[in-house]
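Numbering (this note's numbering), first residue to last: 51 to 119. Glycine included, each C-beta is placed from N, C-alpha and C at the ideal position. Structure record follows, encoded as structure tokens.
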Amino acid sequence: MKELFRSNDPVRISRVVGLLCAEGIPAFELDQHMSILDGSIGVLPRRVMVADRDEFMARAILKDLGLDE
Numbered sequence: 051m052k053e054l055f056r057s058n059d060p061v062r063i064s065r066v067v068g069l070l071c072a073e074g075i076p077a078f079e080l081d082q083h084m085s086i087l088d089g090s091i092g093v094l095p096r097r098v099m100v101a102d103r104d105e106f107m108a109r110a111i112l113k114d115l116g117l118d119e
């Protein structure tokens with residue numbers, strides 16, 4: 051698994067995961083339940099991960115849509 055990016059923005063993460071899945075690239079959000087440890091204030095960033103073989107295409111899609119960091 052490769053990390054595409056980290057973010058505290060749940061809307062951005064949801065949008066990216068949805069767009070990648072629509073393109074046939076399974077994307078996974080990790081650390082989504084870590085907010086329990088920080089008191090649910092959202093200071094710990096979440097990671098969006100894809101399979102090694104899908105990293106190049108996922109990064110290209112994000113760049114084309116202006117969603118890369």
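| Asked | Found |
| --- | --- |
| Other residues of its chain near Val-67: CB distance less than 8 angstroms, five sequence neighbours each side excluded | Ala-77, Phe-78, Glu-79, Val-98 |
| Secondary structure of Leu-80, DSSP reduced to three states | strand |
| Three-state secondary structure (DSSP) of Val-100 | strand |
| Nearest-angstrom Cβ-Cβ length linking Leu-31 and Leu-115, presumed shorter than 8 angstroms | A question about residue 31 goes unanswered here, because the residues of the chain that appear run from 51 up to 119. |
| Beta-carbon contacts of Ile-63 that lie in its chain and below 8 angstroms, excluding the five residues immediately before and after | Ser-57, Glu-79, Arg-96, Val-98 |
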